[in-house]
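Taking it in order: structure first as structure tokens, then the write-up.
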Amino acid sequence: MKVTICIGSACHLKGSREIIKEMQDLVSARGLKDKVDLNGAFCSGNCVKEGVCVTVDGTLFSLKPEECTEFFEKEIVGRL
Amino acid sequence: MVTNDATILKVKHDVLREVAKLAWEGKLEEGRDEMPYKMIPGPQAQFRCCIYKEREIIRQRVRLAEGKCPSGKDSMNVVQVIGAACEECPIASYVVTDNCRKCMGKACQNSCNFGAISMDDTRAHIDPSKCKECGKCAQACPYSAIAHLERPCKKVCPVDAITYDEYGICIIDEKKCIQCGACVHSCPFGAIGTKTFMVDIIRLIKAGKRVVAMVAPATEGQFGPDITMASWRTALKKMGFADMIEVGLGGDMTAAAEAAEWAEAYKEGKKMTTSCCPAFVNMIRQHFPTLLDNMSTTVSPMCAVSRLVKERDPGTITVFIGPCIAKKSETLDLNIQGNADYALTFGEIRAMMRAKDVELEPEENSYQDSSVFGKRFGNGGGVTAAVVQCFEEMGEDIKPEVMKCNGAAECKKALLLMKVGKLPADFIEGMACVGGCVGGPSKHKAETEAKKARDTLIGKADKRKVLENLEKLGADKVHMHRN
Chain H
3 MKVTICIGSA
13 CHLKGSREII
23 KEMQDLVSAR
33 GLKDKVDLNG
43 AFCSGNCVKE
53 GVCVTVDGTL
63 FSLKPEECTE
73 FFEKEIVGRL
Chain W
-15 MVTNDATILK
-5 VKHDVLREVA
5 KLAWEGKLEE
15 GRDEMPYKMI
25 PGPQAQFRCC
35 IYKEREIIRQ
45 RVRLAEGKCP
55 SGKDSMNVVQ
65 VIGAACEECP
75 IASYVVTDNC
85 RKCMGKACQN
95 SCNFGAISMD
105 DTRAHIDPSK
115 CKECGKCAQA
125 CPYSAIAHLE
135 RPCKKVCPVD
145 AITYDEYGIC
155 IIDEKKCIQC
165 GACVHSCPFG
175 AIGTKTFMVD
185 IIRLIKAGKR
195 VVAMVAPATE
205 GQFGPDITMA
215 SWRTALKKMG
225 FADMIEVGLG
235 GDMTAAAEAA
245 EWAEAYKEGK
255 KMTTSCCPAF
265 VNMIRQHFPT
275 LLDNMSTTVS
285 PMCAVSRLVK
295 ERDPGTITVF
305 IGPCIAKKSE
315 TLDLNIQGNA
325 DYALTFGEIR
335 AMMRAKDVEL
345 EPEENSYQDS
355 SVFGKRFGNG
365 GGVTAAVVQC
375 FEEMGEDIKP
385 EVMKCNGAAE
395 CKKALLLMKV
405 GKLPADFIEG
415 MACVGGCVGG
425 PSKHKAETEA
435 KKARDTLIGK
445 ADKRKVLENL
455 EKLGADKVHM
465 HRN
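Chains as they are written, first to last, in this note's numbering: chain H, 3 to 82; chain W, -15 to 467.
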């Protein structure tokens, strides 16, 4: 599964690095390294949204750092 | 330095500088639409058919400078085609030129196994639908009358990733592209470029974040014998970077970790490859996935230094600066923890400097974090030399056979041999650019032009040993593997 997290400056300031760190930790803690491929993306121009732009297999989400764990369970683990 | 796109390098640089300037001033939103008119005031076209096309090209270049796809179509590739700038070069590969005398020997016709050559009124003619592009006719002609026309972009691509659409516009097959950037400066119309992180970095510096620059080992010598690492540090600090560190130190770190890994593999009789060149890593991943187990798990010098910087000061944003384009793709691989957040080319950082009226000034070198071996990591053979030095320092009596691949074509050949189990060496040192990183696509000077200055600068460095250096700087505790 391809998960893409925007690393542009707008998303950076909304906490994209926190989300990346947490996702990296969750992926390794769950032993999902072979299943989940984490990618950075240049700004896709959706900066107006409140959260960080994250796409899971092509579907765009807007994610806040505090929602990361819940999101990971539902949208990533839930889709595997 | 002679490149195919020398005359348009200025245009490319002007766009980067203007975009950087607007970003520094916080006026990009209002200024971006004006740029094509500012840069192409008209009324006469200078390079293309009309000013409208020229302006559209500028508009697409601005998008690229901002890190967006030029055409508006979303794609993940770092290397992008500027569609409006592509001149749809003719595709017919072998063509008969005026040199043809329609001679009686007809070696061309006789050499063709596909019946593709006929004679028209004045010269031989090649039927493109029958021609298999074997090139025998061109070799056979005693007048050198048959030319091999190949698109410059396609010709340099080591992985055959370049095709065209039905209108002849260049397309990059993103599944094949290893982001090496060889095509970028091969295009005589400047129609291939790369997304940049310039605007993001400027915004983060302006937002008061701690941003640290990490300068590639290939840097020394690129800007003459007087531009030292201290010159870089001064200039980067003037721009708002919190600090600068040389990635040569990461070269030391990678060499030490790789030496330990290789020593073990050597004793087991397992063949391995290096993993520091991102385009080489991409080549293995995309074209030789069965060899992934043979690829060293040691992280690149860029990642090593980034981890060190982040360990010393958590929350720091790390930015790599060098002659490499593929490094941008390495920063986008988030499966590796703690890697550099962003990567810039020499051209991009210089545009950012000029936009702020900062220049690299000659300065006595007062800064050295890396051993000479780490500094030489950016030269072909440099990785092997550093690893061998570490063997010596570790007291390992190992003399491995290393196939040092100079450029992507040699890398491909070695990987093919490894894949079929016929590699006549123990290890592969893979460097996708000829000459090593110093020959990278975004180099400022060609390897030969920069060599003297590089040797002078590196010659002045002290002769510290690799492992001692790491211990002294506390760089020996950093986790050095991918996982």
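Each residue gets a CB set at the ideal place from its N, CA and C atoms; glycine is no exception.
A124/W carries a helical assignment under DSSP once its states are collapsed to helix, strand and coil.
D317/W has its alpha-carbon roughly 18 Å from the corresponding atom of G234/W. Burial of G10/H is indicated by the presence of at least 16 other C-beta atoms within 10 angstroms of its C-beta. The C-beta of N266/W comes no closer than 8 Å to any C-beta of chain H. In the three-state scheme derived from DSSP, where H, G and I count as helix and E and B as strand, L15/H is classed as helix.
Collapsing the DSSP output to three states places Q28/W in coil.
Contacts with chain H (Cβ-Cβ distance below 8 Å) from the region 312 to 336 of chain W involve T315, L316, D317, L318, N319, Q321, D325, Y326, listed in chain order. Of all residues in the region 35 to 68 of chain H, only K35, V38, D39, L40, N41, G42, A43, F44, C45, S46, G47 place a beta-carbon less than 9 Å from a beta-carbon of chain W. The C-beta of I78/H comes no closer than 8 Å to any C-beta of chain W. The beta carbon of M336/W is closer than 7 Å to those of A4, M182, I186, M223 in its chain, skipping five residues each way along the sequence. Collapsing the DSSP output to three states places F207/W in coil.
Less than 8 Å divides the Cβ of A214/W from the Cβ of E348/W. Distance between F330/W and G99/W, taken at the CA atoms: about 50 Å. Between the C-alpha atoms of D149/W and I155/W there is a straight-line separation of about 7 Å. For the options M402/W, D439/W, G391/W, the alpha carbon positioned closest to that of G165/W is the one of G391/W. Judged by DSSP secondary structure, V422/W falls outside any beta strand (DSSP E); it is assigned neither H nor E. Neighbours of L15/H in chain W, taken as residues whose beta carbon is under 7 Å from its own, are A191 in chain order. Three or more Cβ pairs closer than 8 Å define a contact, and the region 230 to 250 of chain W meets that threshold against the region 281 to 293 of chain W. Runs of the alpha helix (DSSP H) spanning 4 or more residues and lying entirely within the region 360 to 392 of chain W occur at 366 to 378, in chain order. For R338/W, the CB contacts under 7 Å within the same chain, skipping 5 residues up- and downstream, are R1 in chain order.
Under DSSP, N41/H takes part in a beta bridge, and its partners are T6/H, D317/W. Judged by DSSP secondary structure, D460/W falls outside any alpha helix (DSSP H); it is assigned neither H nor E.
Non-local C-beta neighbours of L407/W in its own chain, meaning closer than 8 Å and more than five positions away in sequence, comprise K255, M387, A398, L401, ordered along the chain. For the 8 Å CB-CB criterion, K190/W and G51/W do not form a contact. By the 16-neighbour rule on beta-carbons within 10 angstroms, N467/W is exposed. Under the Cβ criterion of 8 Å, G51/W is counted among the residues facing chain H. C171/W and C87/W have their alpha carbons spaced roughly 36 Å apart.
Sequence-distant Cβ neighbours of P346/W in its own chain, meaning closer than 7 Å and more than five residues away, are D210, I211, S215. No Cβ-Cβ contact shorter than 8 Å links L65/H with N48/H.
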